[in-house]
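Read top to bottom, the protein sequences are chains D and H. With my numbering as the guide, the letters of the first sequence map in order to residues 9 to 120. With my numbering as the guide, the letters of the second sequence map in order to residues 131 to 242.
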Amino acid sequence: DAKTTQPDSMESTEGETVHLPCSHATISGNEYIYWYRQVPLQGPEYVTHGLQQNTTNSMAFLAIASDRKSSTLILPHVSLRDAAVYHCILRVGAGNTGKLIFGLGTTLQVQP
Amino acid sequence: GPKVLQIPSHQIIDMGQMVTLNCDPVSNHLYFYWYKQILGQQMEFLVNFYNGKVMEKSKLFKDQFSVERPDGSYFTLKIQPTALEDSAVYFCASSLQGWEQYFGPGTRLTVL
């Protein structure tokens with residue numbers, strides 16, 4: 009399974025824009041880049057996903073490098089509620105089975 | 131967003147007993163998943179299920195594990211018999227087309 013590399017942790021302050029990097033140098037052409045986040049005692053929450061083009065939704069902006077070997081999840085104006093472990097995942101599996109392979113992710117701390 | 135429910139939130143049983151973990155997926159979803167997370171460790175895929183069949187399972191999905199969705203409502207994970215190493219939080223997820231997965235809050239299983 010293709011792997012991703014993320015920093016263990018990042019710190020931010022409320023109101024800042026946070027850039028969470030992810031490296032996936034061996035990504036295959038048909039693999040999508042997914043981002044989930046998880047807070048303690050809860051299940052992961054879907055954030056966004058993309059294939060090649062940058063994507064945006066109400067939660068975040070996903071910037072994907074032109075060679076697809078890296079991506080950055082951009083969280084505008086973070087609040088305390090954005091403190092979580094953020095997982096960058098390449099979607100693997102045959103057809104639409106789409107199992108998610110989680111790593112340890114990046115722990116984002118948000119200070120008031 | 132869509133809600134996945136899991137019942138119970140916490141289950142304590144003696145080693146060797148049978149346990150059934152229940153998942154109430156999003157009503158129109160077609161793909162179902164179980165993941166296992168030991169405290170402090172990364173989430174690990176167990177199995178996915180579609181159209182009444184197991185599509186893929188990991189090596190963690192031991193012979194003592196089984197899944198079903200008998201009446202089109204609850205998606206269940208049964209462990210019979212349980213072992214000490216089965217103690218973990220089990221997360222259920224569902225998906226409409228195998229793209230975004232929506233996770234429940236987890237069931238904490240403690241095997242004594």
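Glycine included, every Cβ here is placed at the ideal spot set by N, Cα and C. These numbers were taken from a predicted model, which means no experiment stands behind them.
Compute the distance between the beta-carbons of H:Tyr232 and H:Pro132, then report whether it is under 8 Å.
yes
State the Cα-Cα distance for the pair D:Arg99 and D:Asp16, rounded to the nearest angstrom.
Those two C-alpha atoms are separated by around 21 Å.
What whole-angstrom Cβ distance do H:Met148 and H:Gln210 have, given they're in contact under 8 Å? 4 Å
| field | Within 7 Å of chain H by C-beta, residues of the segment 105-117 of chain D in sequence order | value | Going along the segment 105-117 of chain D in chain order, one finds Thr105, Gly106, Lys107, Leu108, Ile109, Phe110, Gly111 and Leu112 with a Cβ nearer than 7 Å to chain H.
Segments assigned beta strand (DSSP E), at least 3 residues, entirely inside the segment 170-218 of chain H: 174-180, 183-187, 195-198 and 205-209
Using a Cβ-Cβ cutoff of less than 7 Å, which residues in the same chain neighbour H:Leu190 once the five nearest sequence positions on both sides are dropped?
Lys166, Glu174 and Leu176
**Asked** Cα-Cα, which of H:Leu135, H:Ser217 and H:Ser196 is closest to H:Lys277?
**Response** This structure cannot speak to residue 277 of chain H, because chain H is shown only from 131 to 242.
Grab me the residues of D:His27's own chain with a C-beta within less than 6 Å of its C-beta, minus the 5 sequence neighbours each way, in chain order.
Thr80 and Ile82
**Nonlocal neighbours in the same chain, by C-beta distance under 6 Å from D:Glu53, ignoring five residues either side** = Arg45
Which residues, in chain order, does the segment 50-77 of chain D contribute to contact with chain H at a C-beta distance below 8 Å? Answer in chain order: Gln50, Gly51, Pro52, Glu53, Tyr54 and His57.
*asked:* Is H:Tyr204 close to chain D? Criterion is C-beta to C-beta, closer than 8 Å.
replied: no
Please work out which residues of its chain come closer than 6 Å, Cβ to Cβ, to D:Arg76, disregarding the five sequence neighbours upstream and downstream, and give them in chain order. Ile35
Requested in this report: Give the residues of chain D in contact with H:Val220, contact being defined as C-beta atoms less than 9 Å apart.
Outcome: As written in the sequence, residue 220 of chain H is Tyr, which differs from the Val given in the question. Simply none; closest approach about 10 Å.
Worksheet item: Within 10 angstroms of its Cβ, does H:Ser224 collect 16 or more other Cβ (buried), or is it exposed?
Response: Sixteen is the threshold: when 16 or more other Cβ atoms of the shown chains lie within 10 Å of the Cβ of H:Ser224, as they do, the residue is buried.
Which residue spans inside the segment 13-94 of chain D form an unbroken beta strand (DSSP E) run of at least 3? 17-21, 26-31, 41-46, 53-58, 69-72 and 78-83
> Can you give the Cα-Cα distance for D:Ala71 and H:Thr150, rounded to whole angstroms?
Replying inline: Roughly 42 Å separates the two Cα atoms.
| said: According to DSSP, is H:Lys166 part of a helix, a strand, or is it coil? | reply: Strand, per DSSP.
Helix, strand or coil for H:His140, going by three-state DSSP, please let me know.
strand
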